[in-house]
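Peer 1: This is the structure I have questions about; it appears just below.
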Amino acid sequence: MADSSTEPQAPVAVFKKRGAKGKANIRKRPATPPPADSDDSDYSSSEDESGQRVKRRKKTATVTASSKDLASSKKDFSATVYSADRNVPITSTNDATKHSNWYDEKEDDLSAKNLLGSTRASAKDSQPDGTYKGLANQTSFIQKNPDAPQRAKGPVKAPTNIRTITVMDFKPDICKDYKKTGHCGFGDSCIFLHDRTDVKQGWQLDKEWEEVTKGKKNLGGTIIASANRDKKEQAPEDEAEIAMLEKIPFACIICEGPYREPIVTRCGHYFCEPCALKRYRKDPTCASCGAGTNGVFNSAKKLKKLLEKKREREEKKKKADEEADEE
1 MADSSTEPQA PVAVFKKRGA KGKANIRKRP ATPPPADSDD SDYSSSEDES GQRVKRRKKT
61 ATVTASSKDL ASSKKDFSAT VYSADRNVPI TSTNDATKHS NWYDEKEDDL SAKNLLGSTR
121 ASAKDSQPDG TYKGLANQTS FIQKNPDAPQ RAKGPVKAPT NIRTITVMDF KPDICKDYKK
181 TGHCGFGDSC IFLHDRTDVK QGWQLDKEWE EVTKGKKNLG GTIIASANRD KKEQAPEDEA
241 EIAMLEKIPF ACIICEGPYR EPIVTRCGHY FCEPCALKRY RKDPTCASCG AGTNGVFNSA
301 KKLKKLLEKK REREEKKKKA DEEADEE
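As structure tokens, this is what we get:
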């Protein structure tokens, strides 16, 4: 009973000491900076009523998220009122009557007084007396200005209050669609010229003329009309055409008769179609030069004109020889 009546003993508190390794991992409190003397310090500090220190922050931070620091600014949404400056005097520029003198003459020579005259002559108070004096002596009621200059010829002076700009477009931009097809999808709103005529530049005409006259001795122009119509100049015949006409015989060399349904070979010789086919069965070569025809015979549609041209040329040559013999 005596043991149960005894009071229990209080527990003993045991404190564990940290080692050197444990102390090394503890973060130390940074040292408190000294108080700033001026109000422009970068740091701000204050203490509560309980004596706890408030965390320091920089005042020059780029972004401040607190709404307390923002100054409340009220925007004025009223209408803007404009007013004229009445201190500057009003000046007259005379833009409506402004003009420029682009001529070399003096201002007095181009004045309206010099060009039109100072005053107009007053009409004579001559009443008709009822006598007819003829057409030459009729009275003229048109008032003439005696001071006006006698300028019946020469260029007319242009107005000085209007500036005219003239652009000479020697190469117009022609609408390609309208020139090729005669139709343009843009219609009247097309910015290009709707013209179907062939326009060539000067250098293009010169180039074509040089190509035509290249290697020719006769560089004279073409005679369109002449006052002496009785004497007609004959154009010089082409040497190639003369040689070709001389090679064409008047008759077929196979049958020695006039051409019947004439044909021409690849080598340029003319024969009758029946004669050429009959000869081809035995000999496939040309009867004139001996070249192989390979059975190719084309119809000679221009032979009749060539033969007539050859006859006319020989007749002219024969007449010229006869006139030379008579002289």
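Quick note on numbering: the UniProt record's numbering labels position 74 of the sequence shown as 74, and the sequence is numbered without any gaps. For glycine and all other residues, C-beta sits at the position ideal for the given N, C-alpha and C.
Could you check whether F250 and A276 sit closer than 7 Å to each other, using their CB atoms as the reference points?
Peer 2: Result no, Cβ atoms of A276 and F250 do not sit closer than 7 Å.
Peer 1: When burial is assigned at 16 or more other CB atoms within 10 Å of the CB, is F15 buried or exposed?
Peer 2: Classification for F15: exposed.
Peer 1: In this structure, how does DSSP classify T285 when only helix, strand and coil are distinguished?
Peer 2: Three-state DSSP puts T285 in a strand.
Peer 1: Closer than 8 Å is the cut-off here; do at least three beta carbon pairs connect the region 130–143 with the region 154–165?
Peer 2: Cβ pair count under 8 Å is below three, so no.
Peer 1: Taking DSSP's pairing of strands, which residues face residue 362 in a bridge?
Peer 2: Lying before the first or after the last residue shown, residue 362 is absent from the chain, which here runs from 1 to 327.
Peer 1: If you draw a straight line from the C-alpha of T97 to the C-alpha of I142, how long is it?
Peer 2: Approximately 31 Å between the Cα atoms of the pair.
Peer 1: Mapping DSSP to helix, strand and coil, what is V212?
Peer 2: Note: V212 maps to helix in three-state DSSP.
Peer 1: For N298, which beta-bridge partners are listed by DSSP?
Peer 2: The partner list for N298 (beta bridge, DSSP) reads V264.
Peer 1: Assuming Y270 is part of the beta strand (DSSP E), what are its boundary residues?
Peer 2: Unbroken beta strand (DSSP E) run through Y270: 270–272.
Peer 1: Below 8 Å on the Cβ atoms is my guess for P262 versus A300; work out the distance and round it to an integer in Å.
Peer 2: That pair is a contact at about 4 Å.
Peer 1: In whole angstroms, what separates the C-alpha of R279 from that of Q201?
Peer 2: Whole-angstrom Cα-Cα distance: 57 Å.
Peer 1: Please report the distance separating the alpha-carbon of T166 from that of P172.
Peer 2: One C-alpha to the other measures close to 15 Å.
Peer 1: Any C-beta of chain D sitting closer than 7 Å to the C-beta of G134?
Peer 2: Considering every chain present, this structure includes no chain D. It has just one protein chain.
Peer 1: Which residue or residues does DSSP assign as beta-bridge partners of I90?
Peer 2: I90 is not bridged to any residue.
Peer 1: Straight-line CA distance for C184 to I174?
Peer 2: Between C184 and I174, the C-alpha separation is close to 11 Å.
Peer 1: Could you tell me if T265 is buried or exposed, where buried requires 16 or more neighbouring beta carbons within 10 angstroms of its beta carbon?
Peer 2: Buried, because 16 or more other Cβ atoms sit within 10 Å of the Cβ of T265.
Peer 1: Return the CA-CA distance between E312 and G290, expressed in angstroms with no decimal places.
Peer 2: Cα to Cα, the separation comes out at about 30 Å.
Peer 1: Can you name the start and end residues of the alpha helix (DSSP H) that Y178 belongs to?
Peer 2: Residues 176–181.
Peer 1: By alpha-carbon positions, which one of V81, E208, P258, T181 ends up nearest to T197?
Peer 2: When only C-alpha atoms are compared, the closest one is T181.
Peer 1: What's the call for Y270, buried or exposed, on a 16-neighbour Cβ count within 10 Å?
Peer 2: The residue is buried, with at least 16 neighbouring Cβ atoms inside 10 Å.
Peer 1: Taking the alpha-carbon positions, what's the K214 to E208 distance?
Peer 2: Each residue's alpha carbon lies about 10 Å from the other.
Peer 1: Short check: CB of residue 328 to CB of Y259, under 7 Å?
Peer 2: Coverage of the chain is limited to positions 1 through 327, which leaves residue 328 absent and any answer about it impossible.
Peer 1: Please report the distance separating the alpha-carbon of T80 from that of I90.
Peer 2: So the alpha carbons of these two residues sit roughly 25 Å apart.
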